[in-house]
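Undergrad: I am attaching a structure below and will ask some questions about it afterwards.
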Amino acid sequence: MRPITDPRTARLVAAYEALRRDTLPELLALYDDEALFKDPFNEVRGQDAIGRIFAHMFQALDAPRFEVRVAVTEGNDAFLTWDFHFARRGRTERWTIRGASHLLYTPAGRVAVHRDYWDAAEELYAKLPLLGGLMRALQRRLGTPA
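Residue numbering for the sequence shown is -3 to 142, as defined by the working numbering.
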């Protein structure tokens, strides 16, 4: 990855790549008190609600880890592409979800809006044993690539 020249984005990327249960408060401090967070499963507002999503992640998954691949900042907008690595609780198989985030900073440099984009059907559902087989069969029937 190229060096990140925007200090807001550099701090955020560093916080995500170092994220552990005990460093969660440091990540949340980079968000506005009323920040909006949206991903394919959640839409919440506020640091506390965002914190609950990440706390649940640490309860449900083993060794979750973010790896930011590209970070671009233009004005108060930042765009990240990332890989999210994890194992399901009690399992050894490692999974990776590839996605992207759009961030909007406040004038004070904190995250006001964080919107994640990733294909839950491709990145998650298709990899589950029963649901994955059903999805692949449906894709074949519809003539879409698996």
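Where a beta carbon is used, it is the ideal one built from N, C-alpha and C, also for glycine.
Mapping DSSP to helix, strand and coil, what is residue 15?
TA: Three-state result, residue 15: coil.
Undergrad: Whole angstroms are fine: how far does the CA of residue 45 sit from the CA of residue 143?
TA: Lying before the first or after the last residue shown, residue 143 is absent from the chain, which here runs from -3 to 142.
Undergrad: Using 10 angstroms around the beta-carbon of residue 90, count the other beta-carbons present and answer buried if the total reaches 16, otherwise exposed.
TA: Counting Cβ neighbours within 10 Å, residue 90 comes out exposed, since fewer than 16 surround it.
Undergrad: Determine the burial state of residue 37: buried for a count of at least 16 other Cβ atoms within 10 Å of its Cβ, exposed for fewer.
TA: Under this definition residue 37 is an exposed residue.
Undergrad: Does the distance from the C-beta atom of residue 58 to that of residue 25 stay below 8 angstroms?
TA: No, the Cβ-Cβ distance between residue 58 and residue 25 is not below 8 angstroms.
Undergrad: On a Cα-Cα basis, can you pick out the residue from 39, 88, -1 and 97 that is closest to residue 73?
TA: Checking every option, the nearest Cα to that of residue 73 belongs to 97.
Undergrad: Quick one: what does DSSP say residue 25 is sitting in, helix, strand or coil?
TA: Note: residue 25 maps to coil in three-state DSSP.
Undergrad: What first and last residue would you give for the beta strand (DSSP E) that runs through residue 95?
TA: Unbroken beta strand (DSSP E) run through residue 95: 90 to 101.
Undergrad: Could you check where the alpha helix (DSSP H) with residue 51 kicks off and where it finishes?
TA: Counting along the chain, the alpha helix (DSSP H) containing residue 51 begins and ends at 43 to 56.
Undergrad: When you compare only the Cα positions, how much space is there between residue 53 and residue 93?
TA: Each residue's alpha carbon lies about 14 angstroms from the other.
Undergrad: Tell me where the beta strand (DSSP E) around residue 112 begins and ends.
TA: First-last of the beta strand (DSSP E) with residue 112: 107 to 113.
Undergrad: What's the call for residue 5, buried or exposed, on a 16-neighbour Cβ count within 10 Å?
TA: Per the 10 Å Cβ criterion, buried.
Undergrad: Excluding the 5 residues flanking residue 102 on each side, which residues of the same chain have their C-beta closer than 6 angstroms to its C-beta?
TA: If we look at residue 102 and ignore the five residues flanking it on each side, its Cβ neighbours are 28 and 108.
Undergrad: Quick check on residue 31: buried or exposed, where buried means 16 or more other Cβ atoms within 10 Å of its Cβ?
TA: Buried, because 16 or more other Cβ atoms sit within 10 Å of the Cβ of residue 31.
Undergrad: Once you ignore the five residues that flank residue 49 on each side, which residues in its own chain have a CB closer than 6 angstroms to its CB?
TA: Excluding sequence neighbours, residue 49 sits near 38.
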